[in-house]
Amino acid sequence: MKKLHVNVSVNNNDLEFLCNPEDTLLDVLRNDLNLTGTKEGCSTGDCGACSVILDKKLVCSCLVLAAEVDGSDIDTIEGMAEENKLHVLQEKFLEHAALQCGICTPGILIAAKSLLEKNQNPTEKEVRYWLAGNLCRCTGYDKIIRAVLDAAREMRKDYGPNYS
Amino acid sequence: MDQITPKTTKEFKIVGTRPLRPDGIDKVTGKAMYGADLYAPNMLYGCLLRINEPHAFIESIDTSNAEQLSGVKSIVTFKDFIKINPDNKNNQILENCIANEKVLYDGHAVAAVAAVDLSTAKKALKLVKIKYKKLPFVITIEDAMKIGAPVVAIGKKNENIPDGYSDNVIQYCSFGHGNLEEGFKAAHKVIKRTFKTPSVHQGYIEPHACLASMSNDGKADLWCCTQGHFNVRSICSSIFKMDNSQLKVTASEIGGGFGGKTTVFIEPIALALSQKSGHPVKMVMSREDVFKATGPTVSSLVDVEVGMKKTGKITAARAIIRYEGGAFPNETYELGAQSAFAAYDLDAVKTEAFNVLTNRPTQAAYRAPGAPQSIYAVESVIDELCQFFNQDPLYVRILNAAKKGTKSSYGPTFDDIGLKATLEAAKNHPHYTSPLKENQGRGISCGFWFNFGGNTCVSLNINFDGTVGVVEGNPDIGGSRSSISQMAAEELGISLDKVKTVIADTNSLGHNDVTDGSRVTFSVGLATIKAAKAAKKELCKRASKLWGIDEDAVIWKDGYAHPAGANAGNQEPLSLEDIAKVSSQTGGPIAGHYEVNADGAGVSFGVHLVDIETDMETGHSKIIRYTVFQDAGKAIHPSYVEGQMQGGSVQGIGWALNEEYIYSSDGKLQNPGFLDYRIPVASDLPMIDPVILEIPNPGHPYGVRGVGETSIVPPLAAINNAVSRATGIRFTELPLSPPRVLKAILNKQ
Amino acid sequence: MIFAKPNSEQEVVSLLKETQGITRILGGGTDVLVQMKSGVTDPDLIVDIKNIPGIREIKKVNGGYEIGAAVSGSEFNNYPGLKEFTPGIAEAFDLIGSSQIQGRCTLAGNICNASPAADTTPALSVSKCRVKIVGPNGLREDLVSNIPIGPGKNSLKKGEFIKSIIIPKRPLYSSDSYIRFTPRSEMDIAVVSAACFITLNQEKLIKELNISLGAVAPLVVNIKGINELVMNKNLNDNLISQISLICSSSCDPIDDKRGTIEFRSHVAGVLAKRSIILAHSRAGEKIEKIAR
Amino acid sequence: MVKVKIWGSLKNLADGSDYVSVTGSNFKEVIDNISLKYPGLKPQITRGVSLAVDGKIYKESWFTPINEDSEVVLMPYMQGG
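Residue numbers (this note's numbering), protein chains in the order written: chain Z, 3 to 166; chain Y, 6 to 754; chain C, 27 to 318; chain F, -13 to 67.
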C-alpha cells in the first residue's frame, strides 16, 4: 500500500510525515511525530482527550484523517507554553488544582484556549457548555471551571479586553 | 504500639497549605508519560480477539491462517500459559484476561496477536478461527439465583450457602446484633422496600495500556498504568512462575482508576506475547474493550426494612443484599453488608448478603466498593420514614447517628468518629434552609467508608546539598506526590521546594499495596513521617559528633539540630543543609526508612445535600445545588481533598441519574462507549460545594484519615430522595433516567 | 483504501462513479471516521471534498441561503445574520456533538448519514430546505426530507454527492425552532426531537405551521394535517394540546438503549408543544418589532 | 480467654453463639486458635479475615497485641477501591 506524503506545521514547526490513508491525525501525532501529550480516550470523538487546534478550529484529532491535514496548521498541548513560560491557563490549572490524574488535562487546556480566543469573558455556563465535549472523571469539573474563569480574568487584565 | 497524639492544626507550617503539585508542569504541558506513551525499539502491537457471546463453550481455536500473515510475530491463547492451580486467585485473574474453556461474558477474550503494527494485528485477529457452542446464560441477579438457572461456573460455592438457591449463589454472610422482632414490634411504622442498582463503570479516561518485554532467560520489564505495580508484579510473576525479583514493573502516570486499575487485564497477555516473539509488546485497550472487559462494579438487588417510632427513633433495621459481580468470585458483598447500617446507632440490626455469579464482566473495585449500593437502599427507606412522620431528615439522622461508643452494625465499637459533627454542619449550612421552587426537591444521605492502611515502604534520602528525595511506591492518582512532599517537609522542618517525591519501580523499594482503600495519604504519609523521624535521629547524631556531645543531648526543632540539656553547651544550631553538606565526612549519606503494614486508617463519614429540579413532562432531573460535608481528618492539601469530595460526588451523580450497563435479551452489552454510557459532562452540573471537617484521626501523627472513597457513597440516595420529594413518588431503582421517572409520573397521573 | 482530495465537482463524480465497492464522502468526517473505527464500514475510497471551490461557503441567494456541503456547525453559527434568519436550524446544527465536533460536522453529512436521530434533518424539513446534488447526469435538486430513506440509507445514486443545502426565503412573520430531548445536556443523541416552522399574519393568526419529529420512527416524521387545523387561528392552549396529541400518536418509535416507545411518544408531544410555543413567540416578536 | 465476636453467618459453623472464646495474646494466636477450636470456621479464616480490636481494624497484623478484656471482632479481610 502506498503511503501518503503530508506537510504540516505543528506548533509552528514545519514537519512532514508519511501515513496510511486510514491513519488518523491522532495516530500520526502520537506514533510518528512523538507528540504523546495528545491523549487517546475513546477514538470516537466522545471524550475530547485528543483535542487539538486545526487551522484555528478545535477538533478531536481522532476524527481527522492524517491525510486531510496537508498544508494545515496544528496546535497541540506541546506548543501551549512559550519556551519556559506557561500559558495563563496552564498556570491557573495548577493554582486551582484543576487536575487530579491529568489525562484529560491536555485536551481540556486546548479546548479552553480555543474558547478564550473567541470569547474573552465567558460565563460559567458558557465555559461548561464549551467544555462539555471534554470528559473528566476525577474532578467533577468544579475546579476546572474555576481555573478557566480565573484565567480569562487574568488574561483580560494582562492583555486588555481585546486580546486574542 | 506507640500512642500517637495528632498535632493540632495551628502547629503546621506546610501541611494544610495549597502548594502547586510537583508533577503539575509535566501534566499541563503534555510531558507526563501515561500507560500508552512509551514506545520501545523493535516494538510490536498486541491486541485481543473477543467473542461477542455471553456464554459459550470453546471447541477449538485455529490460529494457523493468522500465523501465516506477514508481520504477525506471536499468537497466544490460554493454553500457552503454564498451568497453575485453578483455585489460585491469580488463575482466575488470568482466566478473566483470556478465556480458558468457556467464554463467560460478552467480550471475553480468547486469543491475542502481536504484529509489527496495529492494523496487521487486527487483520490477523480476523483470520483466527474460533469454533464455539453457545450456552444458556444468566444476566440478572433474580434469574441467576433461581434453582435451575444456567450455572456460570461450578464448584465455586462456599460451605455456608443456605438451601434454595442455584449454584450461582456462591457466597453468603450476615452481620448484626439485637432482637429484630422486638425492635420491629416497638416501631410505629415499618417500611420495607426492594431496591435495584445497575452495574456502572469506573469510567477512567485512560484505557488500560502496557508495554511488556520478556526475554527467554525469564527476565521481564513491564510498564503499565496501574493503581499498584507491586500487585501487578505479584499477579504476573505468579502466572509465569517467575521470581518476583526478575519482573520489574514500573508504574506509568495513571489516567484515573477509582479501583478499576487494582488488577490486571492485558499485562499477562503482553508478557506472553513478548516471551513468545522476543520483541517488546505494547497493548492499549480500546474504549469498547474497557467497557466490555474491565471494571464495572457490582449490580445490586437489596431489600431493606426499617422500623421507626414517630419521634424519629429507629427501633430495628434489616437488609438482604444480593450483589452480582460477573463470572468470578469477589468480596464486595461483604463490604456492602458491613457498611449498610454503619451510620446508625441501632439496638437491633441484621444484614445478610449473597454473592451471585452471572455472565457479565468480572467486577472490579469501584471507590468504596459495595457501600454505595446498600447505603442507597438504607438511606432511601430512612428518608421515606422521615417523610411519613413529617420529621426533619437531618434531625432524624442526628438522633440515630453512630458515635463514640456505638456498637457498629458490623461488630466493633466505634472510637472517635465524625458523623454527628458532619450532620450538624449540614444542618447549620445555609444550603439546608434555602427555599425550593416548584418541582424541586432536596435530598440528603449519609455515607460511610472503612478506609484501609496496608503495606507501605518509604525511603527518605538526605542529599549532600541538603535537599531531600522521598521514594515511595504508590502511583500518584490525584496529587499524592504533593501531600507526601508536604508531610516530609513539615516533619523535617525544611521548605517544600527542597523535597522531591518519586514513585519507585518494584525493584527499588519493598512491597507497597495497591492504591486502594483511600490509603495513600494515610499510609504513605505515616511512613514518610516515620522515615523523616528516622532521618532526623541520624541528623542529630551527626550534629552530636560535630559538637562532640552526647547523641541524647541533641534535639531537632524547626529544621535545625539544637543542643539541649544541661551540659550540651551553646553551639549554634545546625540546619539540615549544614549537616548534609558534611555527611560524607561524618559517616556517609543520611537516610530514613520506614516499612509498615499500617492499620488505623480511621473510618470516614460524609453527608451530602442536593437540590434537584425534575421536569414533570419529561422526567428529566437537573442538579441545582450540591453540597458535600465530610469528616476528612487533617487535610494535608485541602484543594486535593476537596477534589476527592467533588469528584466522588459527580461519579455518584452519574450513577444516580444516567449511567448503567444496558443488556439486550441476547446477553450482549448495548452501550460500550462514552456516548451511550453517559457519564456526566461539565454542562450537566453546578459547582460542587465541599465542606471539609477536620476531625483528626488518632491513628495518624498528623490526624490524616482516608478521604477518596466516601464521597461516592451518599449521592445515590441523596439524589433518589431529592427526586422522590420533587415528584412525590418514591423511587427504588437506579438510574433515575428520564424514561424511568416519566413512567412513574404518568402511572401516578 | 484510497484517499483522494480532488479540486472539482467533476473529479469527485468520476471518482465516485469509477470506484468499485464502498465509497464515502469526507466533509467533516465525524460520522465516517467513527464508523471506520468501529468496523461498521470499511470504505475502498474516501473523497475529501473540502478542496472544491465554494464548498465551504455560505451565500445569500434569492432571499434565502445556500450552505456549502463542507460548512461546519461553528462556521454556520458564527455567520452573521444566519442565526436570526433561522434560529431553528441554527440550534439543531449547534446541538450536534461537542465544540470539537462543531468544528467539523456538516449539514450534508448529517442528512446523508440518515440517522433517525439526526438533529438537523427535522429542522431542515420544516423549512422545506432542499439540497443541490451533483452527479453523473449533472445537477439536480431535491427536498432534504427525501434524502434519508431508512436508518443509515440515503437516496443518492452511484456517483452523486451533495454540494450544498438551500434554505429558502421565508415569509415576513415566520420563524422556526428545534428542541431535542437528551438525558445529558450535551454530548448525547436525540432520544426525541421536534422542529417547528410557523408563519403568522399581522394579527398573529397562523398562516402556516409545519412540525417534524426526530428519533420517533425510522425516518423523520413530518406531521400531516396540522395546517387545516390551525389556519387563521390564534395559538391557544387548547390548540397546542390537540397538536401535541397528534404528534404523540404519529410516532412509531422503538425501544432501545436510548429510550422506550412510551417515553418517546409522550415526550414527542411535549417537545412539539414547546417548539411551537418557541417558534410562535419568535415570529410574534418580529411583528412587534416591526410595529415598533 | 479472649472473647471474639463472629459475624452472623459464621454462627452455625461455630457453636451457634455470636461469640467464640479462645486463648491468645495477639492477632495470630487468636485466629490460629479459632481455627483449631472451631474447625467449621477454618475455611473462612483461610480465605482471609481481619480483626477489629477495641474499635480499630487490623487488616492482618499478626502481632497486634490482644488483651483478655479487649473487644475483639472477627471481620472479613478488608479491601477497597
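Beta carbons are placed, not taken as given, at the ideal position from N, Cα and C, and that holds for glycine.
Using a Cβ-Cβ distance under 7 Å, would residue i count as near chain Y?
| i | result |
| --- | --- |
| F/Ser(-12) | One point to set straight first is that residue -12 of chain F is Val, not Ser, in the sequence displayed. Cβ-Cβ to chain Y under 7 Å: no for F/Val(-12). |
| F/Gly(-6) | yes |
| C/Phe289 | yes |
| Z/Ile76 | no |
| Z/Ala51 | yes |
| Z/Ala154 | no |
| C/Thr286 | yes |
So with Cβ pairs under 7 Å, would you call residue i a contact of chain Z?
| i | result |
| --- | --- |
| Y/Met48 | no |
| C/Arg308 | no |
| C/Thr45 | no |
| Y/Ile9 | With a pLDDT of 47 at Y/Ile9, under the threshold of 50, the predicted position of this residue should be treated as unreliable, though the coordinate-derived value follows. Y/Ile9 does not count as touching chain Z. |
Mind reading off the beta-carbon distance from residue i to residue j? Whole number of angstroms is fine, and I expect it under 8 Å.
| i | j | result |
| --- | --- | --- |
| Y/Ala347 | Y/Ser413 | 6 Å |
| Y/Thr1 | Y/Leu544 | There is simply no residue 1 of chain Y to check, as chain Y begins at 6 and stops at 754 in what is shown. |
| Y/Ile718 | Y/Ile693 | Sequence inspection shows Val at residue 718 of chain Y; the Ile mentioned does not correspond to that position. That belief does not hold up - the Cβ atoms of Y/Val718 and Y/Ile693 are roughly 15 Å apart, past 8 Å. |
| C/Phe119 | C/Thr147 | The Cβ separation is near 11 Å, so there is no contact. |
| Y/Tyr170 | Y/Glu64 | Wrong, their Cβ atoms sit about 31 Å apart, outside the cutoff. |
| Y/Thr418 | Y/Ser485 | That belief does not hold up - the Cβ atoms of Y/Thr418 and Y/Ser485 are roughly 32 Å apart, past 8 Å. |
| C/Met62 | Z/Glu24 | 7 Å |
| Y/Val289 | Y/Gly183 | That belief does not hold up - the Cβ atoms of Y/Val289 and Y/Gly183 are roughly 53 Å apart, past 8 Å. |
| Y/Ala431 | Y/Phe610 | Not quite, the Cβ-Cβ distance comes to about 11 Å (not below 8 Å), so this is no contact. |
| F/Ser21 | F/Ile31 | 5 Å |
| C/Cys131 | C/Gly89 | That pair is no contact at about 26 Å. |
Any beta-carbon of chain F closer than 7 Å to the one on residue i?
| i | result |
| --- | --- |
| Y/Ser179 | yes |
| Y/Asp636 | no |
| Y/Asn335 | no |
| Y/Asp168 | no |
| Y/Tyr381 | no |
On the DSSP letters alone, give me the boundaries of the alpha helix (DSSP H) that residue i sits inside.
| i | result |
| --- | --- |
| C/Phe111 | 108 to 111 |
| Y/Met650 | 643 to 662 |
| Y/Lys586 | 581 to 586 |
| Y/Gly188 | 185 to 191 |
| Y/Ala540 | 530 to 552 |
If you measure from the beta carbon of residue i to each beta carbon in chain C, is any gap under 7 Å?
| i | result |
| --- | --- |
| Z/Ala1 | Examination of residue 1 of chain Z is not possible in this model, given that chain Z is present from 3 through 166 alone. |
| Y/Phe736 | no |
| Z/Ser45 | yes |
With residue i as the anchor, note down where its beta strand (DSSP E) starts and where it stops.
| i | result |
| --- | --- |
| Y/Thr732 | Premise fails: Y/Thr732 lies in the alpha helix (DSSP H), 720 to 732, not in any beta strand (DSSP E). |
| C/Tyr91 | 90 to 94 |
Quiz item: Quick one, which residues of the stretch 288 to 300 of chain Y are near chain C if we go by CB-CB under 7 Å, in chain order?
Solution: Hits within the stretch: zero.
Quiz item: Does the stretch 737 to 753 of chain Y come close enough to the stretch 619 to 630 of chain Y that 3 or more CB-CB pairs lie under 8 Å?
Solution: Verdict: yes, contact present.
Quiz item: How do the stretch 594 to 611 of chain Y and the stretch 34 to 47 of chain F stand: do at least 3 beta-carbon pairs fall below 8 Å, yes or no?
Solution: yes
Self-check item: Against chain F: residues of the stretch 415 to 446 of chain Y by CB proximity under 8 Å
Solution: Hits within the stretch, in order: Tyr415, Gly416, Pro417, Thr418, Phe419, Asp420.
Practice problem: Check whether the stretch 489 to 502 of chain Y touches the stretch 555 to 564 of chain Y, counting contact only when three or more Cβ pairs, one atom from each stretch, lie closer than 8 Å. | Solution: yes
Quiz item: Looking at C-beta atoms only, is the number of pairs between the stretch 172 to 185 of chain C and the stretch 137 to 146 of chain C that lie closer than 8 Å three or more?
Solution: yes
Quiz item: Quick one, which residues of the stretch 157 to 180 of chain C are near chain Y if we go by CB-CB under 7 Å, in chain order?
Solution: none
Exercise. Take every Cβ of the stretch 727 to 739 of chain Y, pair it with every Cβ of the stretch 637 to 655 of chain Y, and state whether three or more of those distances are shorter than 8 Å.
Key: no
Quiz item: Using a beta-carbon distance cut-off of less than 7 Å, what residues from the stretch 15 to 45 of chain F approach chain Y?
Solution: Pro29, Ala38, Gly41, Lys42, Ile43, Tyr44, Lys45
Quiz item: Looking at chain C, which residues of the stretch 647 to 667 of chain Y have a Cβ within less than 9 Å of any of its Cβ atoms?
Solution: Leu662, Asn663, Ile667
Quiz item: Quick one, which residues of the stretch 77 to 91 of chain C are near chain Z if we go by CB-CB under 8 Å, in chain order?
Solution: none
Quiz item: In the stretch 195 to 213 of chain C, which residues sit with their C-beta less than 7 Å from some C-beta in chain Y, listed in chain order?
Solution: Phe207, Pro209, Arg210, Ser211, Glu212, Met213
Quiz item: Given 8 Å as the limit, is there contact between the stretch 58 to 77 of chain Y and the stretch 125 to 143 of chain Y, that is, 3 or more CB pairs closer than that?
Solution: yes
Quiz prompt | Stretch pair the stretch 94 to 107 of chain Y + the stretch 29 to 40 of chain Y: three plus CB contacts closer than 8 Å | solution = no
Exercise. State whether the stretch 188 to 198 of chain C contacts the stretch 110 to 119 of chain Z, with contact taken as three or more CB pairs (one from each stretch) at a distance under 8 Å.
Key: Too few Cβ pairs lie closer than 8 Å, so no.
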